[in-house]
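Novice:
In our numbering, the protein residues as written are 86 to 244.
Following this line, the structure appears as structure tokens:
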């Protein structure tokens, strides 16, 4: 399953980069990844958020506010350039350390679910697993945590 990202995850990452530029930050963090995920109009993670009674507009506003309050601060952790092979044709992303952990976590989540590709629900689970991020804090305040999301995904029948 080496870097087998779904079209929707790729689109979410692309939209996350756009959100970073729009908000004037010099890095991509978990909050940008989550903004990209909810901006991508139709995906499993967005369905899970809606089924968890999370108002997407409220989530978006909270994420944007969280990013703006961090904009004048240095991002947490070291800035790193990572290269994801076969992903956006080897485009380099500037991710903060938290976002880099989330990318690695997505791969692990897909493996744990026995999926052959990495999809948006794996991105959401990885964000929820990293409980030291602003994105996690916002989702938690809105009533979603890792265990609830994982249970919901496990109960969903996959064809």
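Where is the CB? At the ideal position from N, CA and C, for every residue including glycine. The model shown is predicted, which means the values in this text are computed figures rather than measured ones.
Applying the criterion that 16 or more other CB atoms from any shown protein chain within 10 Å of the CB defines a buried residue, is residue 92 buried or exposed?
Specialist: Answer is exposed; the Cβ neighbour count stays below 16.
Novice: For residue 110, name the three-state secondary structure that DSSP assigns.
Specialist: coil
Novice: I need the boundaries of the alpha helix (DSSP H) containing residue 203, first residue and last residue.
Specialist: Counting along the chain, residue 203 falls outside any alpha helix (DSSP H), and DSSP gives it neither H nor E.
Novice: Work out the CA separation of residue 201 and residue 193 for me, nearest whole Å.
Specialist: 11 Å
Novice: Should the region 100–113 be regarded as contacting the region 201–212, the criterion being three or more beta carbon pairs within less than 8 Å?
Specialist: Counting Cβ pairs under 8 Å, fewer than three are found: no touch.
Novice: For residue 207, which of 182, 141 and 187 has the nearest alpha-carbon?
Specialist: 187
Novice: Would you say residue 228 and residue 137 are within 9 Å of each other, going by their C-beta atoms?
Specialist: yes
Novice: For residue 197, count the other beta carbons within 10 Å of its own beta carbon; 16 or more makes it buried, fewer makes it exposed. Which is it?
Specialist: exposed
Novice: Just the C-alpha distance for residue 233 and residue 224, rounded to the nearest angstrom, thanks.
Specialist: Rounded to whole angstroms, residue 233 and residue 224 show a C-alpha spacing of 11 Å.
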